[in-house]
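Visitor:
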DNA sequence: AGCTAAATGCAACTAAGTTGCAAGTAAAAA
DNA sequence: TTTTTACTTGCAACTTAGTTGCATTTAGCT
Ligand SMILES: [Mn+2]
Ligand SMILES: [Mn+2]
Ligand SMILES: [Zn+2]
Ligand SMILES: [Zn+2]
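Protein chains in written order, with our numbering: chain P, 3 to 142; chain R, 3 to 142.
1) Hey, would you say the C-beta of residue 75/R is under 8 Å away from at least one heavy atom of ligand 2?
2) Beta-carbon of residue 130/P versus every beta-carbon of chain R: anything under 9 Å?
3) For residue 91/P, tell me which candidate among 6/P, 59/P and 72/P has the shortest Cα-Cα distance.
4) In chain R, which residues lie less than 8 Å from residue 99/P when you measure between Cβ atoms?
5) Kindly indicate the opening and closing residues of the alpha helix (DSSP H) around residue 48/P.
6) Strictly under 9 Å for the Cβ-Cβ distance: is residue 72/P near chain R by that measure?
7) Would you mind working out which of 142/P, 84/P, 137/P and 103/P sits nearest residue 65/P, comparing C-alpha positions?
8) Can you name, in chain order, every residue of its own chain whose Cβ lies under 7 Å from the Cβ of residue 12/R, other than the five neighbours on each side?
9) With distance defined between alpha-carbon atoms, name the residue in 103/R, 18/R and 34/R nearest to residue 6/R.
10) Per DSSP, residue 129/P is paired with what?
11) Are the region 116 to 136 of chain P and the region 132 to 139 of chain R touching by the rule of at least three beta carbon pairs closer than 8 Å?
12) Out of curiosity, what's the CA-to-CA distance linking residue 96/R and residue 39/P?
13) Of the residues that make up the region 27 to 50 of chain R, which ones have a beta carbon closer than 7 Å to any beta carbon in chain P?
14) Mind listing the chain P neighbours of residue 113/R? Cutoff is C-beta to C-beta under 8 Å, in chain order.
15) For residue 25/P, count the other beta carbons within 10 Å of its own beta carbon; 16 or more makes it buried, fewer makes it exposed. Which is it?
16) Can you pull the chain R residues whose beta carbon is under 9 Å from the beta carbon of residue 138/P, in chain order?
17) So which residues on chain P does residue 68/R lean against when the C-beta distance must stay under 9 Å?
18) Given that residue 142/P touches chain R, what residues does it touch there, using C-beta distances under 8 Å?
19) If you measure from the beta carbon of residue 135/R to each beta carbon in chain P, is any gap under 9 Å?
20) Per DSSP, which one or two residues make a beta bridge with residue 100/P?
21) Could you tell me the distance, in whole angstroms, from the CA atom of residue 108/R to the CA atom of residue 118/R?
22) Just the residues with CB closer than 5 Å to a heavy atom of ligand 1, in chain order, which are they?
23) Near residue 134/P, which residues of its chain fall below 8 Å by C-beta distance, leaving aside the five closest residues on each side in sequence?
24) What does residue 53/P pair with, by DSSP beta-bridge criteria?
25) List the residues of chain P whose Cβ lies closer than 8 Å to the Cβ of residue 102/R, in chain order.
26) Please indicate yes or no: does the CB of residue 98/R lie closer than 8 Å to some heavy atom of ligand 2?
27) Work out the CA separation of residue 78/R and residue 19/P for me, nearest whole Å.
Have a look at this one:
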């Protein structure tokens, strides 16, 4: 890990008022390196040595989600997928494209849709999420 | 059940080339009556008497999904939620609103967003789904 | 009525995620 | 720097949505 990255990670944890622990640093680093949302299983594999307990990874992710550093992006094949919360606005995360053939997911970080209009009286809008499916370049 | 409804259900199954069995008729009727997407658990409860086996309900839903009569609307609290496939277009199901306070979900059948534009070369668009969260009238 | 492929039911299984509790440690206090 | 304490971790046991294999039943056909 570059010292620069380490600084960023510790700053992130500090500004979120979270203790700088090994598992938190490792999980954050893995999510920073990942180019798509990760399952707990994928994160565990990426930890290989420096490997924390599965329960710790779940609790680490939960603390990062509560702190707003990480988002639960979507559920696919019964597994929650996590990603860094940067590249999302308050009202809308970037859309995700999942290939129905190979199952891979792509972050559409440079695309977005207008916010939904016309919610009935009494409904308070917080956020919208968009999922797209189809075929990826490798499968089409 | 009104004889009219029975006719409709049998027509649906017939046009989907599915055998008209008890569980299929019951599950379809439950989904027609439901005003929000249902979990297998909710469907089982609604079946009370006439109750089919859990595995049968899963397999029934799968056959209805493959036939295009039913959609997997979303996953909430680790459970798949199913609904009738009417009130959706080929390219987009109606959006769903989930209240972050009480957990209830509302079908926004009369709202929609434009289809996403600008997919990179090689990607083939099939369908998009939109989920909104916030507070429902009872919780806001 | 008899045939056959499709559907059902049961039991056992899989796997993502959770919980309780004892032990360890980051960070604040002394 | 040492002590203190609340927060964090690890382990084992658990929960639960969903799946699989196989024997039995049945819808739809002839
Ligand atoms: Mn993403
Ligand atoms: Mn709906
Ligand atoms: Zn693909
Ligand atoms: Zn509510």
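Where is the CB? At the ideal position from N, CA and C, for every residue including glycine. Given the structure is predicted, the values throughout are model-derived calculations rather than measurements.
Guide: In brief:
1) As a working note, residue 75/R is residue 73 in the second chain. Indeed, a heavy atom of ligand 2 lies less than 8 Å from the Cβ.
2) Position 128 of the first chain, counting from 1, holds the residue named residue 130/P. Residue 130/P counts as touching chain R.
3) Residue 91/P sits at position 89 when you count from the first residue of the first chain. It is 72/P whose Cα lies nearest to the Cα of residue 91/P.
4) Residue 99/P sits at position 97 when you count from the first residue of the first chain. The contacting residues are 121 and 125.
5) Within the first chain, the letter at position 46 stands for residue 48/P. First-last of the alpha helix (DSSP H) with residue 48/P: 42 to 49.
6) Indexing the first chain from 1 puts residue 72/P at position 70. Chain R, which has no Cβ nearer than 9 Å to the Cβ of residue 72/P, makes this no.
7) Counted from its first residue, the first chain places residue 65/P at position 63. Distance check between residue 65/P and each of 142/P, 84/P, 137/P and 103/P places 84/P closest, using alpha-carbon atoms only.
8) Position 10 of the second chain, counted from the start, is the residue given in the question as residue 12/R. Residues of the same chain with a CB within less than 7 Å of the CB of residue 12/R, apart from the 5 flanking positions on each side, are 22 in chain order.
9) The sequence position of residue 6/R within the second chain is 4, counting from 1. Measuring C-alpha to C-alpha distances from residue 6/R to each of 103/R, 18/R and 34/R identifies 34/R as the nearest.
10) The residue given as residue 129/P occupies position 127 in the first chain. Per DSSP, 135/R.
11) Segment contact: the region 116 to 136 of chain P against the region 132 to 139 of chain R, three or more CB-CB distances shorter than 8 Å; contact assigned.
12) What you label residue 96/R is simply residue 94 of the second chain in a count that begins at 1. What you label residue 39/P is simply residue 37 of the first chain in a count that begins at 1. Residue 96/R and residue 39/P have their C-alpha atoms roughly 25 Å apart.
13) From the region 27 to 50 of chain R, no residue has a Cβ closer than 7 Å to chain P.
14) Numbered from 1 along the second chain, position 111 holds the residue referred to as residue 113/R. Contacts between residue 113/R and chain P, judged by CB atoms closer than 8 Å, involve 118, 119, 120 and 121 in chain order.
15) As a first step, residue 25/P is located in the first chain; it is residue number 23 there, counting from the start. Flag for residue 25/P reads buried.
16) Taking the first residue of the first chain as position 1, residue 138/P is located at position 136. Under the 9 Å cutoff, chain R gives 124, 125 and 126.
17) Stepping through the second chain from its first residue, residue 68/R is reached at position 66. Identification of chain P residues near residue 68/R by a Cβ-Cβ cut-off of 9 Å yields none; the smallest Cβ-Cβ distance measures about 13 Å.
18) Position 140 of the first chain, counted from the first residue, corresponds to residue 142/P. Within chain R, the residues near residue 142/P are 124, 125 and 126.
19) In the second chain, residue 135/R corresponds to position 133, counting from 1. So, interface residue.
20) As a position in the first chain, residue 100/P is number 98, starting the count at 1. Listed as beta-bridge partners of residue 100/P by DSSP are 107/P and 135/P.
21) Residue 108/R sits at position 106 when you count from the first residue of the second chain. Residue 118/R sits at position 116 when you count from the first residue of the second chain. Straight-line Cα distance between these residues: approximately 23 Å.
22) Working through the chain, the matches are 85/P and 109/P.
23) In the first chain, the residue the question calls residue 134/P occupies position 132. Same-chain partners within the cutoff: 97, 98, 99, 100 and 110.
24) As a working mapping, residue 53/P is identified with position 51 in the first chain. Beta-bridge pairing links residue 53/P to no other residue.
25) Sequence index remark: in the second chain, residue 102/R carries index 100 (1-based). Near residue 102/R (Cβ distances below 8 Å), the residues of chain P are 128.
26) Walking along the second chain from the start, residue 98/R turns up at place 96. Yes - ligand 2 has a heavy atom lying nearer than 8 Å to the Cβ of residue 98/R.
27) Taking the first chain and counting its residues from 1, the one referred to as residue 19/P is at position 17. Taking the second chain and counting its residues from 1, the one referred to as residue 78/R is at position 76. Whole-angstrom Cα-Cα distance: 29 Å.
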